[in-house]
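Chemist: Here's a structure for you.
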Amino acid sequence: MKILTTLKKVVDVELNINVENGAIIEDGLQYVMNAWDENAVETAVQLKEKNKAETTLVNIGGGDDNTKIIRKGFAMGIDNAIQIDDPALENSDPSIYAGIIQKVYEQGEYDLIITGKQAQDTDSGQTGIILAEFLELPCVSNVIDIEAIDDQHIKVSRLGDAGTEILEIELPAVVTVSDGINEPRLPAMRGIMMAKKKKISVMDLAGLGISWDELGGGSPKSEITEFMKSETRQAGQKFEGDAAEITAKVVDLLANEAKVL
Amino acid sequence: MTKILVVADIKEGVLKGSTKELLSKARAIGAKTAVVAVGSDIESLSADLADAGSDTQYIADDKSLDLFSAAPFTSCVVDAAKQFEAGLIWFGFSETGKAVAPRVAAQLDAACASDITDAQIDGDQITITRPAIANKVMQKIKVNTEQLVAVVRAGAFEADESISGTQNVVKLSAPEPDLKAVIKEVLSDASGEIDLGDADIVISVGRGVKDQAGIDLVKGLADDLTAGFGSSRAMVDAGLMAQNKQVGQTGKIVAPNLYMALGISGAIQHLAGMTGSKTILAVNKDPEAPIFNVADYGIVGDLFEVVPILREEIKKIKG
Ligand SMILES: Cc1cc2nc3c(=O)[nH]c(=O)nc-3n(C[C@H](O)[C@H](O)[C@H](O)COP(=O)(O)OP(=O)(O)OC[C@H]3O[C@@H](n4cnc5c(N)ncnc54)[C@H](O)[C@@H]3O)c2cc1C
Ligand SMILES: Nc1ncnc2c1ncn2[C@@H]1O[C@H](COP(=O)(O)O)[C@@H](O)[C@H]1O
Chain A
18 MKILTTLKKV VDVELNINVE NGAIIEDGLQ YVMNAWDENA VETAVQLKEK
68 NKAETTLVNI GGGDDNTKII RKGFAMGIDN AIQIDDPALE NSDPSIYAGI
118 IQKVYEQGEY DLIITGKQAQ DTDSGQTGII LAEFLELPCV SNVIDIEAID
168 DQHIKVSRLG DAGTEILEIE LPAVVTVSDG INEPRLPAMR GIMMAKKKKI
218 SVMDLAGLGI SWDELGGGSP KSEITEFMKS ETRQAGQKFE GDAAEITAKV
268 VDLLANEAKV L
Chain B
6 MTKILVVADI KEGVLKGSTK ELLSKARAIG AKTAVVAVGS DIESLSADLA
56 DAGSDTQYIA DDKSLDLFSA APFTSCVVDA AKQFEAGLIW FGFSETGKAV
106 APRVAAQLDA ACASDITDAQ IDGDQITITR PAIANKVMQK IKVNTEQLVA
156 VVRAGAFEAD ESISGTQNVV KLSAPEPDLK AVIKEVLSDA SGEIDLGDAD
206 IVISVGRGVK DQAGIDLVKG LADDLTAGFG SSRAMVDAGL MAQNKQVGQT
256 GKIVAPNLYM ALGISGAIQH LAGMTGSKTI LAVNKDPEAP IFNVADYGIV
306 GDLFEVVPIL REEIKKIKG
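Same order as they appear, the protein sequences are chains A and B.
Residue numbering for the first sequence follows the working numbering, beginning at 18 and increasing consecutively.
Residue numbering for the second sequence follows the working numbering, beginning at 6 and increasing consecutively.
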């Protein structure tokens, strides 16, 4: 089985993010691998360990932070890496990323594409699903369990509105994984050392054989025009002291001040 | 005139409140409204669908649509969108919406947006607002296509009880089943329980409740209040609460009148799912727990001591 996983660099959400004049202040930000992509990598590596598989990651973007997360993917057990680095990709949307991953897929004859269910910076959860539509492949999103049946079929569970849905999928296919699917491994020292030696195949859009015009016709379907501060809630009244006393007080406030009881 | 198609949110044969919320917003914008309903044995809902504020009801009712499958669901929505010539297609916040909206957008070559909290329409130009990065920022987004498919964040739009529509049913033909991603079964561990998305009060437990005894203690309070019973991820990871109880960025997004967080620290991924609540009560023994930064009322204390008193005091005022 040949597995392709997608890897995106995202801003570290645990740090403060400040907005000024409609833009995010870059100063002090740090970048990490998208948490759900860690789940995707872990899923690919576990499938490789249980069955025979070759794992490849694709990352769109350039610079040291992207190289760092690709190395982490290697250290977790991914075999090959393709990096698409092109300045034209500054202003993109999920359909453009999906168009690029489509091209990578078509050149590699993969059986399974695994993406994260969403990216922590966009929180949009679209890229994998749109990719499947472009490729006319079966797709299951929000997957919490996966198992290979044979070379052509996998069984997955996804969390849906009615409960846990169990599906059988014919390969090739796309799945997007939730964080409930596994606990991503911490790379071991040996993996980290090996990861330094592995080669990343870097190319721009021309190298991939695709033009910007083919992707979004030169313009994304939507674009962010402004970032704004979120309205943050104010800390309210906090009570410490005798449990009986403060609890009675809070119940009174819930009933008579907030009027929610 | 703008045309907005709302995808009906139906669970266990019942129309959910979000459908009316979305239609209320659509009517407030001054749009023409329609609704598309997909499922099995749902034709009887057409009056409810009109009552919710739609003037046309596209209904795909077929046995094959009993269990959710994304591809056929998508076909029905695309079919209705084309017939209605919809400019905007809105899904209520649900796993169904998240799975289907990007597919519909791809098939219509339209822009797609998740989790929107507002939409402005100025002539042909659509602009939307949405949170991103676990709610840390808001984005204003300019839509460059004529059509937009969007999932509306839970609690973003308010239902206007005074509106209603007219009944005008258009039956959709049954879509092709997906033969390549075949739904085998659905394991439901939630039937009969109060839906987190609908509940006026949601009470969630975190690692602070420790074990099953702690869960049972808090469940008693939830039962007293007929509240939805949710969880942080830590409790799901520990195997103590079901995955579909998880509130947060990867779980349910809830916006009840009252949210109680018991023994939950307040990690941003949890906050992303509940800060839209009207009133928040937190009980935590750590006075520095970040949950207190968003709580309207905070009790610093041991929940094992506080919860029984809470139950007593609430019983007193409720009589
Ligand atoms: C990609 C990603 C997605 C995630 N999605 C979600 C999500 O959707 N939802 C979610 O909840 N989390 C999510 N998380 C996990 C999140 O980061 C936290 O790990 C999780 O919310 C912590 O749960 P908790 O507050 O129950 O546990 P803890 O952080 O361990 O907090 C337990 C709290 O209980 C208090 N406590 C202990 N004993 C008592 C007592 N006797 N009485 C009162 N208080 C007590 C402690 O002071 C502490 O504050 C996600 C993480 C990642 C990386
Ligand atoms: N620039 C990118 N490079 C690689 N993968 C990406 C990129 N953008 C999105 N993806 C993948 O698509 C998933 C969903 O992203 P999104 O649609 O932005 O929420 C992520 O988990 C990634 O795996």
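C-beta: ideal position from N, C-alpha, C; glycine also.
Please give me, in chain order, every unbroken run of the beta strand (DSSP E) with length at least 3 that falls completely inside the segment 178 to 238 of chain A.
Modeler: As far as the segment 178 to 238 of chain A is concerned, its whole beta strand (DSSP E) runs of at least 3 residues are 180 to 187, 190 to 194, 217 to 220.
Chemist: With three or more C-beta pairs closer than 8 Å as the rule, is the segment 94 to 105 of chain A touching the segment 63 to 73 of chain A?
Modeler: Judged by Cβ distances under 8 Å, the segment 63 to 73 of chain A makes contact with the segment 94 to 105 of chain A, as three or more pairs qualify.
Chemist: Quick check on A:G177: buried or exposed, where buried means 16 or more other Cβ atoms within 10 Å of its Cβ?
Modeler: Position 160 of the first sequence, counted from the first residue, corresponds to residue 177 of chain A. By the neighbour-count rule (16 or more Cβ atoms within 10 Å), A:G177 is buried.
Chemist: Measuring only from the beta carbon, is B:Q217 closer than 7 Å to any heavy atom that is part of ligand 1?
Modeler: Looking up residue 217 of chain B in the second sequence gives position 212. Every heavy atom of ligand 1 is 7 Å or more from the Cβ of B:Q217, so no.
Chemist: Spatial neighbours of A:D102 within its chain, please: CB distance less than 7 Å, with the 5 preceding and 5 following residues excluded, ordered by chain position.
Modeler: Locating residue 102 of chain A in the first sequence gives position 85, counting from the first residue. Hits under 7 Å: G78, G79, V219, D221.
Chemist: Between A:R250 and chain B, is the shortest Cβ-Cβ distance under 8 Å, so that the two count as touching?
Modeler: Here residue 250 of chain A is taken as the residue at index 233 of the first sequence, counted from 1. It does: the Cβ of A:R250 has a partner Cβ on chain B nearer than 8 Å.
Chemist: Going by DSSP, what residue range makes up the alpha helix (DSSP H) through B:E190?
Modeler: In the second sequence, residue 190 of chain B corresponds to position 185, counting from 1. Per DSSP, B:E190 belongs to no alpha helix (DSSP H); it is in the beta strand (DSSP E), 186 to 192.
Chemist: I need the straight-line Cα distance from B:A76 to B:G235, nearest angstrom please.
Modeler: For the purposes of this step, residue 76 of chain B is identified with residue 71 of the second sequence, where counting begins at 1. For the purposes of this step, residue 235 of chain B is identified with residue 230 of the second sequence, where counting begins at 1. One C-alpha to the other measures close to 30 Å.
Chemist: Identify, in the order they occur along the chain, each residue of the same chain with its Cβ nearer than 6 Å to the Cβ of B:G160, setting aside the five sequence neighbours on each side.
Modeler: If you number the second sequence from 1, residue 160 of chain B lands on position 155. Cβ within range, chain order: A260, G281.
Chemist: From the DSSP output, in three-state form, read off B:P182 for me.
Modeler: The residue you call residue 182 of chain B lines up with position 177 of the second sequence. Three-state DSSP puts B:P182 in coil, outside helix and strand.
Chemist: Looking at ligand 1, does it come within less than 7 Å of B:G225, judged from the CB to the closest heavy atom?
Modeler: Indexing the second sequence from 1 puts residue 225 of chain B at position 220. Because no heavy atom of ligand 1 lies under 7 Å away, the Cβ of B:G225 does not count as near it: no.
Chemist: Note down, one range per segment and in chain order, each alpha helix (DSSP H) of at least 4 residues found wholly within the segment 247 to 276 of chain A.
Modeler: Those alpha helix (DSSP H) runs which fall completely within the segment 247 to 276 of chain A and span 4+ residues are 260 to 273.
Chemist: Does the beta-carbon of A:L129, which I'm using as the reference point, lie nearer than 7 Å to any heavy atom of ligand 1?
Modeler: For the purposes of this step, residue 129 of chain A is identified with residue 112 of the first sequence, where counting begins at 1. No, since every heavy atom of ligand 1 falls outside the 7 Å radius drawn around the Cβ of A:L129.
Chemist: Cutting at 6 Å between CB atoms, please list the residues of its own chain near B:Q241, excluding the five before and the five after it.
Modeler: Your numbering for residue 241 of chain B matches position 236 in the second sequence. The sequence as given places Val at residue 241 of chain B; Gln does not occur at that position. Same-chain partners within the cutoff: Q248, Q251.
Chemist: Have a look at A:G45 and A:N35 and give me their C-alpha separation to the nearest angstrom.
Modeler: For the purposes of this step, residue 45 of chain A is taken as residue 28 along the first sequence, with counting starting at 1. For the purposes of this step, residue 35 of chain A is taken as residue 18 along the first sequence, with counting starting at 1. The straight-line gap from Cα to Cα measures roughly 10 Å.
Chemist: Under 7 Å Cβ-Cβ, which residues of chain B neighbour A:D196?
Modeler: Position 179 of the first sequence, counted from the start, is the residue given in the question as residue 196 of chain A. Here the neighbours are T255.
Chemist: Which residues of the segment 153 to 170 of chain B have a Cβ closer than 7 Å to any Cβ of chain A? Give them in chain order.
Modeler: Hits within the stretch: zero.
Chemist: Mind checking whether B:Q152 and B:A115 have CB atoms under 8 Å apart?
Modeler: In the second sequence, counting from the first residue as 1, residue 152 of chain B sits at position 147. In the second sequence, counting from the first residue as 1, residue 115 of chain B sits at position 110. Yes, these two residues count as a Cβ contact at 8 Å.
Chemist: Would you call the segment 189 to 207 of chain B in contact with the segment 166 to 183 of chain A, where contact means no fewer than 3 C-beta pairs closer than 8 Å?
Modeler: The answer is yes - the segment 166 to 183 of chain A touches the segment 189 to 207 of chain B, with three or more Cβ pairs under 8 Å.
Chemist: Here's the rule I'm using: 16 or more other beta-carbon atoms within 10 Å means buried, otherwise exposed. How should A:E37 be labelled?
Modeler: Taking the first sequence and counting its residues from 1, one reaches residue 37 of chain A at position 20. So A:E37 counts as exposed.
Chemist: What does B:R212 touch in chain A if you count any residue whose Cβ is under 9 Å from its own?
Modeler: Sequence index remark: in the second sequence, residue 212 of chain B carries index 207 (1-based). The contacting residues do not exist; B:R212 stays about 16 Å from chain A at best.
Chemist: Residues in the same chain with beta-carbon distance under 7 Å from B:T122, minus the five sequence neighbours each way, listed in chain order, please.
Modeler: Within the second sequence, numbered from 1, the residue matching residue 122 of chain B stands at position 117. Answer for B:T122: T134, R135, P136, R158, A161, listed in chain order.
Chemist: Nearest-angstrom Cα distance between B:Q274 and A:E107?
Modeler: The residue you call residue 274 of chain B lines up with position 269 of the second sequence. The residue you call residue 107 of chain A lines up with position 90 of the first sequence. Cα to Cα, the separation comes out at about 27 Å.
Chemist: Would you say the beta carbon of A:Q100 comes nearer than 7 Å to a heavy atom of ligand 2?
Modeler: Along the first sequence, one-based indexing puts residue 100 of chain A at 83. Not so, every heavy atom of ligand 2 lies at least 7 Å from the Cβ.
Chemist: Could I get the ranges of all uninterrupted alpha helix (DSSP H) runs contained in the segment 249 to 291 of chain B, with 4 residues as the minimum, in chain order?
Modeler: Qualifying alpha helix (DSSP H) stretches, in chain order: 273 to 276.
Chemist: Please tell me whether, using a cut-off of 7 Å, the distance from the CB of B:Q152 to the nearest non-hydrogen atom of ligand 2 is below it.
Modeler: The sequence position of residue 152 of chain B within the second sequence is 147, counting from 1. No.
Chemist: Kindly identify the DSSP beta-bridge partner or partners of A:R11.
Modeler: Outside the shown range of chain A, which is 18 to 278, sits residue 11 of chain A, and nothing can be said about it.
Chemist: Could you tell me whether the Cβ atoms of A:I198 and A:D168 are closer together than 8 Å?
Modeler: For the purposes of this step, residue 198 of chain A is identified with residue 181 of the first sequence, where counting begins at 1. For the purposes of this step, residue 168 of chain A is identified with residue 151 of the first sequence, where counting begins at 1. Against a cut-off of 8 Å, the Cβ pair of A:D168 and A:I198 comes out as no contact.
Chemist: Just reading off the alpha helix (DSSP H) that A:T60 is part of, what are its end residues?
Modeler: As a first step, residue 60 of chain A is located in the first sequence; it is residue number 43 there, counting from the start. It spans 52 to 67 - the alpha helix (DSSP H) in which A:T60 sits, taken as one unbroken run.
Chemist: Does the beta carbon of B:L177 fall short of 7 Å from some heavy atom of ligand 2?
Modeler: Residue 177 of chain B sits at position 172 when you count from the first residue of the second sequence. Flag unset: Cβ of B:L177 not near ligand 2.
Chemist: Using a Cβ-Cβ distance under 8 Å, would A:I42 count as near chain B?
Modeler: Against the first sequence, residue 42 of chain A aligns to sequence position 25. No, because no Cβ of chain B sits closer than 8 Å to the Cβ of A:I42.
Chemist: Is it the case that the segment 172 to 186 of chain B contacts the segment 70 to 87 of chain B, given that we only count it when at least three CB pairs across the two stretches are under 8 Å?
Modeler: Yes, the segment 70 to 87 of chain B is in contact with the segment 172 to 186 of chain B.
Chemist: For B:E318, count neighbouring C-beta atoms within 10 Å of its own C-beta (all shown protein chains included) and say buried if the count is 16 or more, exposed if not.
Modeler: Locating residue 318 of chain B in the second sequence gives position 313, where the first residue counts as 1. The residue is buried, with at least 16 neighbouring Cβ atoms inside 10 Å.
Chemist: Keeping to the same chain, check which residues put their C-beta closer than 7 Å to that of B:Q254; ignore five residues upstream and five downstream.
Modeler: Numbered from its first residue, the second sequence carries residue 254 of chain B at position 249. If we look at B:Q254 and ignore the five residues flanking it on each side, its Cβ neighbours are A139, Q274, A277, G278.
Chemist: Which residues of chain A have a Cβ atom closer than 8 Å to the Cβ of B:V187, listed in chain order?
Modeler: Against the second sequence, residue 187 of chain B aligns to sequence position 182. Neighbours of B:V187 on chain A, chain order: L184, E185, I186.
Chemist: Where does A:Q124 fall in DSSP's three states?
Modeler: Counting from 1 along the first sequence, the entry for residue 124 of chain A is found at position 107. Helix, per DSSP.
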